[in-house]
Amino acid sequence: EAQVTQNPRYLITVTGKKLTVTCSQNMNHEYMSWYRQDPGLGLRQIYYSMNVEVTDKGDVPEGYKVSRKEKRNFPLILESPSPNQTSLYFCASSFRQFDQPQHFGDGTRLSIL
Amino acid sequence: QKEVEQNSGPLSVPEGAIASLNCTYSDRGSQSFFWYRQYSGKSPELIMFIYSNGDKEDGRFTAQLNKASQYVSLLIRDSQPSDSATYLCAVTHSGSARQLTFGSGTQLTVLP
């Protein structure tokens, strides 16, 4: 089954404790991206990756890091999480660029205390 | 800043009616336009995409694009209670198909 898998689905943690949210897709998609969703603000792009070892900033990259060492994986790293990063996060992938429709993961709800 | 504007609603329509959802965008060079549906607590799912001016129909859904006026709309015919969700408009940035900007969404309720 074609899917985008995120882990964990829920996480409550404290300020400053490094965390990683994993994202994996099994569709051999070149393009992957991370979004955060906040009430009234919609989905905002954090980072995207066009292929292995190629990443770039989206609209709200501050406080986040990503890596793309393998085509299927695109982890999101919060080196020193802060309460303003409390949000619902989605990973998405598509065959090439955004001209192709995206497939979304089920989301990760992060609470930073 | 690329902007995509949607009426947040809520928009309520009776079952069987036509629901009309609208979206305007600021980037005149945008090339690709998407409508996603998001049920509460779930991830967005693509329902329509449109690249050219005019109408595109898929079942009960019709996407309409007018690049000159910089708006894209979604019509849902014969609305069903299962269509109740938030509808997100998304637009690619001009000169780059690598960045996508979403509107904040319109909440639709179809009343039985």
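Those protein sequence lines, which keep their order, are chains A and B.
The opening position of the first sequence corresponds to residue 28 in our numbering, with each subsequent residue numbered one higher.
The opening position of the second sequence corresponds to residue -8 in our numbering, with each subsequent residue numbered one higher.
Don't be surprised by glycine CBs; every beta carbon is placed ideally from N, CA and C.
So which residues on chain B does A/Pro128 lean against when the C-beta distance must stay under 8 angstroms?
-> Below the 8 angstroms Cβ cutoff, chain B contributes Phe25, Leu37, Phe40 as neighbours of A/Pro128, in chain order.
For the region 69 to 84 of chain A, enumerate the residues whose C-beta is nearer than 8 angstroms to any C-beta of chain B, in chain order.
-> Considering only beta carbons, the part of the region 69 to 84 of chain A lying closer than 8 angstroms to chain B consists of Gly69, Leu70, Arg71, Gln72, Tyr75, Met77, Asp83, in chain order.
Interface residues of chain B around A/Phe117 at Cβ under 8 angstroms?
-> By Cβ distance, chain B contributes Ser34, Pro35.
Tell me where the beta strand (DSSP E) around B/Ile9 begins and ends.
-> Note, B/Ile9: premise wrong, no beta strand (DSSP E); not H, not E.
Cβ pair B/Leu99, B/Pro5 closer than 8 angstroms | No. Outside cutoff.
Could you tell me whether any Cβ in chain A is nearer than 8 angstroms to the Cβ of B/Phe93?
-> At least one chain A Cβ lies under 8 angstroms of B/Phe93.
Spatially closest choice to A/Gln72 from A/Pro66, A/Asn78, A/Asp86, A/Met59, by CA coordinates | Nearest in C-alpha terms to A/Gln72, of all of A/Pro66, A/Asn78, A/Asp86, A/Met59, is A/Asp86.
At a CB-CB cut-off below 8 angstroms, which residues of chain A make contact with B/Leu79?
-> The CB of B/Leu79 comes closer than 8 angstroms to the CB of Gly69, Leu70 in chain A, given here in chain order.
Under 8 angstroms by beta carbon: chain A residues contacting B/Gln90 = From the beta-carbon of B/Gln90, the residues of chain A found nearer than 8 angstroms are Gln72, Tyr75, Gly85, Asp86, Phe125.
Rounded to whole angstroms, what's the CA-CA distance from B/Ala54 to A/Lys44? Just pull it up for me.
-> It is roughly 45 angstroms from the alpha-carbon of B/Ala54 to the alpha-carbon of A/Lys44.
Nearest to A/Ser121 by alpha carbon, out of A/Gln52, A/Ser138, A/Ser109, A/Asn34?
-> Of all alpha-carbon atoms in A/Gln52, A/Ser138, A/Ser109, A/Asn34, the one lying nearest the alpha-carbon of A/Ser121 is that of A/Gln52.
Quick one: is B/Gly96 near chain A, going by C-beta distance under 8 angstroms?
-> Closer than 8 angstroms to some Cβ of chain A, the Cβ of B/Gly96 qualifies, so yes.
Proximity of B/Gly0 and B/Thr83 at Cβ, strictly below 8 angstroms | If you check the CB distance, B/Gly0 and B/Thr83 do not come in under 8 angstroms.
With A/Pro110 and A/Thr42 assumed to form a contact (beta carbons below 8 angstroms), what rounded beta-carbon distance in angstroms separates them?
-> Confirmed, about 6 angstroms.
Helix, strand or coil at A/Pro88 according to DSSP, with G and I counted as helix | Correct three-state label for A/Pro88: coil.
Does any residue of chain B bring its CB to less than 8 angstroms from the CB of A/Gly134?
-> A/Gly134 counts as touching chain B.
Might you give, ordered along the chain, the residues of its own chain that have their beta carbon closer than 7 angstroms to the beta carbon of B/Leu37, omitting 5 neighbours on each side?
-> Taken in chain order, the residues that qualify are Phe25, Tyr27.
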